[in-house]
Amino acid sequence: MGNYNSRKKVKKAKQEKKEKCPDLEKEKEKGRLVIYLKKNKSTIKAVLLPPLGKLSHCPKTLSLITLPPGSTVNIFGRSELGSRRGEVPRPPQPFPSSARLGAGDGDIQKMRRILTLFFLVESDKAEGGDSLGSKNQRWIKLRQFGGADNAMGKVAVVIDNGSCFTRAGFAGEDKPKSVLKTTSMPPTCPAVMREIPCHLTAAGCGTGGARASKTHPLRHGIITDWEAMENLWSHLFFCGLRLSPEERPLLMTDSPSCPTTNREKVAEVFFEAFAVPALHVANTGLLSLCSCGRVTGLAVEAGAGVSHVTSICAGQIWREATYRLDVAGFFLSKHMHTLLLKSSNDPQLLYALQKTTVTQVKKQCCYVSMDYEGDLQDKAHQFPVCFKTPDGHWITLDKERFCCPEPLFQPKLLDQNSPGIHLLAFQSLQKVPDECKGDIIGNTVLSGGSSMFPGFPERMCSELDALLHGKGYRIKILAAPKRSMAVWAGGSMAASLKSFRHMWMRKGEYQECGAAYVHKKFN
């Protein structure tokens, strides 16, 4: 009995010694800071990667903390999983917005005080005073690791900013891990405000709810609302990819017609606000070619908000050979609705159609005609189909099927004076040296959701063949089955290459040379 009691006392003494509040100053001198979270009888370990990092948790971990230098500290309170079986997950708790982290001793003491207060408030049935060693409180101990150098050895994050969808994932993977609808986002990212939960799966982010709002941060492929885009990027990092931006290098896509000032702004936002260790801003046309294993070719992009044609030779983008067409998916959907209203279908039904339904009609029923004028006159070449709406009604389409995508080749149908996309491709080819033209036209790569219409590749080839007849060029159209995501796939392939390492703009270069260095660093 005596031996048992002595063993019990030794065990209790060891536990008390283990749970003794650490001296942060001594740990700081050793150059390592570790986080411990203590709640009641459970001791939870976690590790922080400063200056902005994600905690790696033990199985019992309930909290996540990120500490950007000089910016608001964000803490994810509880995890999204309920602590008991069947318990409804609680939304993340807000953290005091005044919390800051710096390098001085006073800042560390202040952070200890703020974090202690936070855990005291959030602890269930917390008792005792406000000191770190009080009973039944959760207390912390910090460990510091190397920042950007360690992050550069990790797989890069790739983000493609589309007018309809913004995709994010990891370099070397076949498809993005997270997809957000660019035009529909909550006013503030829950990862920042901690007011609402973000219900996100690997396939995408659910951004509905009463607080959701309709925004259009991109116009014709160019960012116009930076606050909305920063909110969207926060969702992608914290909710979609489940990591902090400073943990990985970032490859960001850039529209061919984007102003040079936008690139500087991107560098400023991601180095200053998101603290990424390295950044690369890549032209979407070049990434489209990369998705097909090319660095020379003609990139024909037909997206949701804008279309582009870009000539590229040996990875060199010819700016004077880049053309923009303001005919894309959004405009074609509106054109589809106009065509339907002129059809023989019930007008009352057509006026009640939702935009999403019209978009589905466009995607499922439309095709590009090889002879538009002929098919328009000859009803024998019009092939009617019926589409069932979500509410059970039927819509009949005949000539509307090929009239909808025709503005890509005849913008005048939408009252635009611009040449068609095939003529822009021809004009782009005329801007490059003669010795490059054969290789470029022989690698014409299609990308974007609006290039997915059946018949689009064949029509493009036919139109270019007519324009270049007798020139001796061999035209080859490359149209991958998943070309709607070609830009992201190209970025994933490029960022995964070992030879891409010298392409990164590191944070030190940004701090030394400023945001304008992007023009020298990137093509």
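Residue numbers (the UniProt record's numbering): 1 to 523. C-beta atoms are modelled at their ideal positions from N, C-alpha and C, and glycine is treated no differently.
Checklist entry - How many angstroms separate the CA atom of Leu-478 from the CA atom of Thr-389? => result 34 Å
Item to check | Three-way DSSP call (helix, strand, coil) for Gly-374 in this model | outcome: helix
Checklist entry - With C-beta atoms as the reference, is Ala-495 less than 7 Å away from Leu-251? => result yes
Checklist entry - Buried or exposed: where does Thr-261 fall if 16 or more other Cβ atoms within 10 Å of its Cβ makes it buried? => result exposed
Item to check | DSSP state of Asn-262 mapped onto helix, strand, coil | outcome: helix
Checklist entry - Are Gly-420 and Gln-427 closer than 7 Å when you measure CB to CB? => result no
Item to check | Residues of its chain near Asn-417, where Cβ-Cβ distance is below 8 Å and the 5 sequence neighbours each way are ignored | outcome: Pro-411
Checklist entry - Can you tell me whether DSSP reads Ala-168 as helix, strand or coil? => result strand
Next on the checklist: What residue range does the beta strand (DSSP E) around Asn-161 cover?
Outcome noted: 157-161
Checklist entry - When DSSP labels each residue in this structure, what does His-519 get in the three-state scheme? => result helix
Checklist entry - When we look at the beta-carbon of Ala-171 and count the other beta-carbons within 10 Å, is it buried (16 or more) or exposed? => result buried
Checklist entry - Do you know offhand how far Ile-159's Cα is from Leu-279's? => result 11 Å
Checklist entry - At which residues does the alpha helix (DSSP H) containing Leu-286 begin and terminate? => result 284-290
Checklist entry - Any beta-carbon of chain D closer than 7 Å to the one on Thr-215? => result Included in the structure is just one protein chain, with no chain D present.
Item to check | Reference Pro-481, options Lys-498, Leu-467, Phe-453, closest by Cα | outcome: Phe-453
Next on the checklist: Under 8 Å: do the segment 433-446 and the segment 354-373 share three or more Cβ pairs, one atom per stretch?
Outcome noted: no
Item to check | Close-in-space but distant-in-sequence residues of the same chain around Trp-226 (CB under 8 Å, 5 per side omitted) | outcome: Pro-217, Lys-265, Val-269
Checklist entry - Can you tell me where the alpha helix (DSSP H) with His-336 in it begins and where it stops? => result Before going on, a small fix: residue 336 reads as Met here, not His. Per DSSP, Met-336 belongs to the alpha helix (DSSP H) from 329-341.
Next on the checklist: Quick check on Cys-292: buried or exposed, where buried means 16 or more other Cβ atoms within 10 Å of its Cβ?
Outcome noted: buried
Item to check | Classification of Leu-408 by the beta-carbon crowding that lies within 10 angstroms, buried from 16 upward | outcome: buried
Item to check | 8 Å contact criterion, which Ile-395 and Phe-402 should meet: CB distance rounded | outcome: Ile-395 to Phe-402, Cβ: 16 Å. No contact.
Checklist entry - When the Cα of Gly-169 is compared with those of Lys-363, Thr-182, Met-493, Glu-509, which residue comes out closest? => result Met-493
Checklist entry - Rounded to a whole number of angstroms, what is the C-alpha to C-alpha distance between Phe-456 and Ala-380? => result 21 Å
Item to check | Straight-line gap, Glu-246 to Cys-239 (C-alpha atoms, nearest Å) | outcome: 15 Å
Checklist entry - Using the C-alpha atoms, what's the distance from Leu-339 back to Leu-449? => result Note that residue 449 is Gly in the sequence shown here, rather than Leu. Taking the straight line joining both Cα atoms gives about 21 Å.
Checklist entry - Which residues mark the beginning and the end of the alpha helix (DSSP H) in which Val-306 is found? => result Where Val-306 is concerned, there is no enclosing alpha helix (DSSP H), given that its DSSP letter is neither H nor E.
Next on the checklist: Quick check on this structure: which residue in Asp-391, Thr-166, Cys-404 has the alpha carbon closest to the alpha carbon of Lys-342?
Outcome noted: Cys-404
Next on the checklist: Across the segment 280-287 and the segment 308-317, are there enough close Cβ pairs to call them in contact, namely three or more that are closer than 8 Å?
Outcome noted: yes
Checklist entry - Between Leu-287 and Gly-490, which are expected to be in contact by the criterion C-beta below 8 Å, what is the C-beta distance as a whole number of angstroms? => result 3 Å
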